[in-house]
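Chains as they are written, first to last, in my numbering: chain A, 196 to 501; chain R, 196 to 501; chain Y, 196 to 501; chain W, 196 to 501; chain C, 196 to 501.
1. Report yes if the C-beta distance between residue 205 of chain Y and residue 220 of chain Y is below 8 Å; otherwise report no.
2. Around the C-beta of residue 396 of chain A, are 16 or more other C-beta atoms found within 10 angstroms, so that it is buried, or is it exposed?
3. Cα-Cα, which of A:493, A:256 and A:330 is closest to residue 320 of chain A?
4. With a cut-off of 8 Å, does the C-beta of residue 342 of chain W fall near any C-beta of chain A?
5. Can you find a C-beta in chain Y that's less than 8 Å from the C-beta of residue 437 of chain R?
6. Under 9 Å, CB to CB, which of the residues in the stretch 240 to 256 of chain A have a partner in chain W?
7. Show which residues of chain E have a CB atom less than 9 Å away from the CB atom of residue 442 of chain W.
8. Could you tell me which chain A residues have their CB closer than 9 Å to the CB of residue 278 of chain R, listed as they occur along the chain?
9. Does the beta carbon of residue 349 of chain C sit closer than 8 Å to a beta carbon anywhere in chain Y?
10. Looking at the C-beta of residue 265 of chain R, does it have a partner C-beta in chain A at a distance below 8 Å?
11. Starting from the Cα of residue 337 of chain C, find the closest Cα among W:360, W:315, W:362 and W:303 and give me that residue.
12. Can you check whether the CB of residue 263 of chain C is closer than 8 Å to the CB of residue 480 of chain C?
13. How long is the line joining the alpha carbons of residue 240 of chain A and residue 409 of chain W, rounded to whole angstroms?
14. Between which two residues does the alpha helix (DSSP H) containing residue 319 of chain W stretch?
15. Within 10 angstroms of its Cβ, does residue 432 of chain A collect 16 or more other Cβ (buried), or is it exposed?
16. I need the DSSP call for residue 234 of chain A, collapsed to helix, strand or coil.
17. Is the beta carbon of residue 402 of chain R sitting closer than 8 Å to the one on residue 474 of chain R?
18. So, helix, strand or coil for residue 360 of chain W, using DSSP?
19. Of the choices C:310, C:341 and C:350, whose alpha-carbon is the least far from that of residue 318 of chain C?
20. Does residue 319 of chain A come within less than 8 Å of chain W when only Cβ atoms are used?
21. So residue 502 of chain Y is in the alpha helix (DSSP H); what residue range does that whole segment cover?
22. Let me check one thing: in DSSP terms, what residues is residue 218 of chain R bridge-paired to?
23. In the DSSP output, what is residue 314 of chain Y paired with across the bridge?
24. With 16 other CB atoms within 10 Å as the buried threshold, where does residue 342 of chain A fall?
25. Kindly indicate if chain Y contains any beta-carbon less than 8 Å away from that of residue 281 of chain C.
26. With 8 Å as the threshold, decide whether the Cβ of residue 370 of chain R is near any Cβ in chain Y.
27. Is the CB of residue 416 of chain A under 8 Å away from at least one CB in chain R?
28. Use the C-beta contact count for residue 366 of chain Y: other C-beta atoms within 10 angstroms, 16 or more gives buried, fewer gives exposed.
29. Please classify residue 200 of chain C as buried or exposed, where buried requires at least 16 neighbouring CB atoms within 10 angstroms.
30. Would the beta-carbon of residue 274 of chain R fall within 8 Å of that of residue 236 of chain R?
31. For residue 256 of chain W versus residue 416 of chain C, is the C-beta distance shorter than 8 Å?
32. Report yes if the CB atom of residue 495 of chain R is closer than 8 Å to the CB atom of residue 271 of chain R, and no otherwise.
33. Would residue 327 of chain R pass as a contact of residue 299 of chain R if the rule is Cβ separation under 8 Å?
34. Following the continuous beta strand (DSSP E) through residue 471 of chain A, name the residue where it begins and the one where it ends.
35. Tell me which residues share the same chain as residue 310 of chain W and place their Cβ nearer than 6 Å to its Cβ, disregarding the 5 neighbours each side in the sequence.
36. At a Cβ cut of 9 Å, what residues of the stretch 306 to 336 of chain W count as close to chain C, listed as they run along the chain?
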């Protein structure tokens, strides 16, 4: 039964057809956070992005694609997101057990040339074939190739919506126009979230922002308008506002692997700021299974009580 | 009831089908300027172009996409133009309340590489799905990528016309072949307007031109033929003539946010020169709602009495 | 009634379907030169190519797209060629009054980067929609982008022929591989005409060639074979021969605006050389209407009596 | 009759349709290793990759495309892989005698410019027309053009699967971002295998890895997690694990032509490490036929008894 | 009646459909060499490749496209190959008189930038419309753009075969990776022929090779395996072997215009080496008609008696 809160969230997507709304509802109504309007997603694209050893050697059970389905299911995540190969290796076996998100583009880190853009490695029809609830896509705002990526996701989004799927976008500023620090600057992260929203996607994933201000023109406005960005919660609140005044589902990535205390503190910050949840890869699948489930439960509890 | 003036304007688009004429009429017959043959449009693509804080922090109500629908409706604008995300967030709720223009391409200002061209982020079918009256598109005449943009808008225009939509083009000269001053030079602005007209679009939006002459070959002709370009009204008159001797709807953008007196003076200049109206974004949605509506009404009054 | 000469010309296009032959006949059978096998065409793409002031300020009536329809009709031209915008602005009003040629690609002169190639700004279906007899297209032999243009016109030509339209090509050598003088060198102009013929088009338009020889390999042959290139008539005769031994319709452009005497002398040269006619833009529409019509009539008379 | 082991292997591809499973089974159930779950494939793309003399002069019978069909059939290989020309020259004559793999992209070594990517020289429909069981494709992880290749194989894989074919990928790290030694480094080879798996292919072919570690970030993990990479068998075991914990068919290429003892030693290493087989071109077809068959049999025996 | 030899040749193309075989037979069964399994083809793409004066001024009758049809028919050639324009100018008039090959790509020599690749200027459907037996296409192995050309011809070949046409490829090594001498080096010419064969085409045309060895890796093999390349006949024999052990139709181009004795000596060399014929353009159409026919007959006689 769809809760009042989930119905409210669905009401923000009033231009979508019933199929897309049903798939958004599938994710919001699944797992430990079902009905709360919050989401914790397990993403496992590290094998493609960083290679198998860096991704799975710390917890060798994770070499097996079935492991991640089981982890997401047992932990009670709202959805599991991965590239084609990983999803195909369990989609039939775990059919119906957890909403799936097919990641439609991916990067590797062997090649080190050119401006960043992920390779398109899947299609909306592949997502349908595997019974997914949504497609996933990464954009790199600030990249010299960002225009191509915007066009790709615009076309995929149009197709996904017409076929009743939801769209989840990873919006990670990157490229030669940005400083390393600028990639997580509050003005840049809020801008990256806004771009994803304007592209018409349903769920936006960004990194927790720092208090750094990257763009001179933006800096003036933050200072003049005294936008509070001192604490993580304040910064998250600003990014939530930047997502159509909170009327889009905005979740935060966990980032690099780190200690549990540090993770939970960060989660609390994002939850306090009004984030809709978290997408946590390395910090979950690189831990032993029980530990990972315990951590994911604690994360979910923070969001549930936010 | 379509006025004589609106019928006259529609007669200039004699090659268009009834559907497209009806959608042009929808815009000309809506709002406070209905029937006058003048148009004031609210455009809100600043979130994509400049980021959320620079766009909405001065008037935080504007973070919410519903705000802009309400503003355009209450102020009695002829139409509201925005990218996909913003339109989807209100198209159902405000269905039928105001003609919509789906902006089909957009730029961000994080990436700073290459010649200017906007990313295509929407489609004609998306405009139909959202019940729009027109598509919007930006070209940058003078850009090293302009040929690609001309081809894109030519294809979109053909499709839009065949599906009964109107086409609005933002024609903003830009790129490494032009000086900064040249972007608003009278010869360049008139040229940019002419290009848009020759591409077969219905409504052309340019920036108010300065008296600067950028191109050596053009300068000779302006001087030899003594084309009057001393006042804004004279320059606007020249741009109107450059739009098929005034037989295309030419409107002017408000440009950067500024004081009310300055805005109204500029509007009077464009109105005196025979412009068909104005498209005013930052100068309206960055003001408090009442103030914005008041300003928009004064702008409309100037055009109504021109 | 189609004359013997027109029937003879049509017989050269024996691979074409009846629709295309009928459209070639429409142009050959229209206007003051109807039935003579000669053609004078009014082309007005200067607005796109040079901007409105440089094009129309010398004769401000020409800002109005209807002016050019009227000029072509009153002067008794065989056809009127223009980009989409200009044709749409009169195609319905003047339907049936004069054969139309939709120019499918266009260049602007604001951007000054890269090798020359025009932007594709129209389609064969647009030409059909507007009731055109032919499509027009510019190629720049010698350009680093010429391969792309050859492929574009090959595809458009195939489509146009299958839909019963004729194809007119402007073949203007240009690009970093050619000297300025080489653009009108007799070897280069003859080569450019041959390329257009080999691409399968029906009407070829080139510039009047000079006696300059640009390519070393070609120079040897011209000298060894003693090809006469001393007078304009001799050079035109060579270009006519280069167009399938005179079995393709070859016409010459008037080039930059100049004095009447100079124009008529050039026309006499091309007519004496066996050219099928002229395509005269700036030299007609930049003159006052009566003067322009008088000039066009004199030009036609020269071809009629050649 | 499909063996228990083959059924087990097929069970790993649970997302595939019956047609694709049947074609995987065709290869696994053919030849001397039928039913063992092991595969030895004869690949002959050397003519395209290195030219005819370097490929076939050592054993001139191999100039004839029928030779390779006969060799693969007589030796009892599981499949024969080649480009379009070679397959067409025998597909009808040897129809039904051996499963075929159409190599859909190929490189030549005359051109020495740009980042590596093979030219697409075939299609899924061509593979169907020739009665193939699978398509073959080469990717070069680390290449500046790898994104294009990933997108190509993703599209071909989607089409192949929908039409009931299997997909075999040659994953060879290469390009300016990698050192020569790095192309066969264990971290890079394992990464290349993982990428192919994530792209959703069925059979992955890599080169035998060395103990070199190319990427600084990966090196830290290999050392910290003490991943055993001292012997070839250990390294192969790691690559097998990197292929979805052994749930994808991973085979190794024979590499450059060399002595029999050396070959067999390498084969033993890969077999001990859990490889599913070998793909051996130059080392088989450049030997006299009897010698080649003898060698292939010994190789098969090693895998059969592994 | 198809001869035994022609049936044997057709048997090599066992993967082709009946339509393609019939068109191969049309060429093999036409003209003075009908039934011998040998072919002499008249190619006239010089107008596009070198310009009209360099091509036709030595024999001005050749400016007329009908001349080449007549020459090919009277001389009893197996087929006539030309670009679209030249074929269209006679395809109806000479329908049924000689098998036609539509050259689908062409180069001009005015532009001197970038790596070599011909522009695609025709289509398979155009070849069908004109009643052709085959399509023709040029590839430049070794060019930095060769990958694009391989992909183009692969797609055109697939379409041509499905529509019952044969495919003839001009394989001319060229580009910045090769020395001028290397373009006709025996290792490079044999490699270029092999590539065309692997692409699945039916008839391969290369230039007569010299004894030069361009590639270091290949040189080692030629020397080690003692491949005889001392005489033209030996080199041709090696190229014939490189074309699937002689099971593909390999013909040689005549190259630059030269004296009759020299031509016939070269023809004898290629005939002795087992070539299937010759494709002779400039050396035939630049001679007076009677002389050309005489020469072509002598050439045919050499092949007939080889």
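By construction, the Cβ of each residue, glycine as well, lies at the ideal position given by its N, Cα and C atoms.
Bear in mind that the values here come from a model prediction, so they are computed numbers and not experimental data.
On the basis of the supplied data:
1. Start at 1 with the first residue of the third chain, and residue 205 of chain Y comes out as number 10. Start at 1 with the first residue of the third chain, and residue 220 of chain Y comes out as number 25. Yes, these two residues count as a Cβ contact at 8 Å.
2. Your numbering for residue 396 of chain A matches position 201 in the first chain. Counting every other CB atom within 10 Å of its CB across the protein chains shown gives residue 396 of chain A a total of 16 or more, marking it as buried.
3. Counted from its first residue, the first chain places residue 320 of chain A at position 125. If we check each option's Cα against that of residue 320 of chain A, A:330 comes out closest.
4. Sequence index remark: in the fourth chain, residue 342 of chain W carries index 147 (1-based). Yes, because at least one Cβ of chain A sits closer than 8 Å to the Cβ of residue 342 of chain W.
5. Position 242 of the second chain, counted from the first residue, corresponds to residue 437 of chain R. Taking Cβ atoms only, chain Y reaches closer than 8 Å to residue 437 of chain R, which makes this a yes.
6. 240, 242, 243, 245, 246, 247, 248, 249, 250, 251, 252, 253, 255 and 256
7. Within the model displayed, chain E is absent; protein chains A, R, Y, W and C are what it includes.
8. Residue numbering aside, residue 278 of chain R sits at position 83 when the second chain is read from its first letter. 393, 394 and 395, listed in chain order.
9. If you number the fifth chain from 1, residue 349 of chain C lands on position 154. No, because no Cβ of chain Y sits closer than 8 Å to the Cβ of residue 349 of chain C.
10. On the second chain, residue 265 of chain R is found 70 positions in, with the first residue counted as 1. Taking Cβ atoms only, chain A never reaches closer than 8 Å to residue 265 of chain R, which makes this a no.
11. Residue mapping note: residue 337 of chain C aligns to position 142 of the fifth chain, counting from 1. Selected option, being the one with the closest Cα: W:303.
12. Start at 1 with the first residue of the fifth chain, and residue 480 of chain C comes out as number 285. Start at 1 with the first residue of the fifth chain, and residue 263 of chain C comes out as number 68. Yes. Within cutoff.
13. Within the first chain, numbered from 1, the residue matching residue 240 of chain A stands at position 45. Within the fourth chain, numbered from 1, the residue matching residue 409 of chain W stands at position 214. Taking the straight line joining both Cα atoms gives about 21 Å.
14. Indexing the fourth chain from 1 puts residue 319 of chain W at position 124. First-last of the alpha helix (DSSP H) with residue 319 of chain W: 319 to 324.
15. One-based indexing of the first chain puts residue 432 of chain A at position 237. Result: buried.
16. Locating residue 234 of chain A in the first chain gives position 39, counting from the first residue. The answer is strand: DSSP assigns residue 234 of chain A an E or B state.
17. Translated into positions along the second chain, residue 402 of chain R becomes position 207. Translated into positions along the second chain, residue 474 of chain R becomes position 279. Not a contact, by the Cβ cut-off of 8 Å.
18. In the fourth chain, counting from the first residue as 1, residue 360 of chain W sits at position 165. In the three-state reduction of the DSSP assignment, residue 360 of chain W falls in the coil class.
19. The sequence position of residue 318 of chain C within the fifth chain is 123, counting from 1. Looking at the Cα atoms, C:350 is the closest of the given residues.
20. Here the question's residue 319 of chain A lines up with position 124 in the first chain. Between residue 319 of chain A and chain W, the shortest Cβ-Cβ separation is not below 8 Å.
21. This structure does not reach residue 502 of chain Y, given that chain Y is present from 196 up to 501, and the question cannot be answered.
22. Taking the first residue of the second chain as position 1, residue 218 of chain R is located at position 23. Residue pairing of residue 218 of chain R in beta bridges, as defined by DSSP: absent, with no partner found.
23. Start at 1 with the first residue of the third chain, and residue 314 of chain Y comes out as number 119. Partner(s): Y:301.
24. Residue numbering aside, residue 342 of chain A sits at position 147 when the first chain is read from its first letter. Only buried fits residue 342 of chain A, as 16 or more other CB atoms lie within 10 angstroms of its CB.
25. Walking along the fifth chain from the start, residue 281 of chain C turns up at place 86. Residue 281 of chain C counts as touching chain Y.
26. Your numbering for residue 370 of chain R matches position 175 in the second chain. Yes, residue 370 of chain R lies at the interface with chain Y (some Cβ there is under 8 Å from its Cβ).
27. Position 221 of the first chain, counting from 1, holds the residue named residue 416 of chain A. So, interface residue.
28. By 1-based counting over the third chain, the position of residue 366 of chain Y is 171. It is buried - the Cβ of residue 366 of chain Y has at least 16 other Cβ atoms within 10 Å.
29. Your numbering for residue 200 of chain C matches position 5 in the fifth chain. Residue 200 of chain C is exposed by the Cβ-count criterion.
30. Counting from 1 along the second chain, the entry for residue 274 of chain R is found at position 79. Counting from 1 along the second chain, the entry for residue 236 of chain R is found at position 41. Against a cut-off of 8 Å, the Cβ pair of residue 236 of chain R and residue 274 of chain R comes out as a contact.
31. Translated into positions along the fourth chain, residue 256 of chain W becomes position 61. Translated into positions along the fifth chain, residue 416 of chain C becomes position 221. No; because the gap between Cβ atoms is not below 8 Å, this pair is not in contact.
32. Looking up residue 495 of chain R in the second chain gives position 300. Looking up residue 271 of chain R in the second chain gives position 76. Contact: yes.
33. In the second chain, counting from the first residue as 1, residue 327 of chain R sits at position 132. In the second chain, counting from the first residue as 1, residue 299 of chain R sits at position 104. Cβ distance not < 8 Å, so residue 327 of chain R and residue 299 of chain R don't count as in contact.
34. Taking the first chain and counting its residues from 1, the one referred to as residue 471 of chain A is at position 276. That residue, residue 471 of chain A, is in no beta strand (DSSP E); it is neither H nor E in DSSP.
35. Mapped onto the fourth chain, residue 310 of chain W falls at position 115. The answer, listed in chain order, is 338, 339, 340 and 370.
36. 306, 307, 308, 309, 312, 313, 314, 315, 316, 317, 318, 320, 321, 324 and 325
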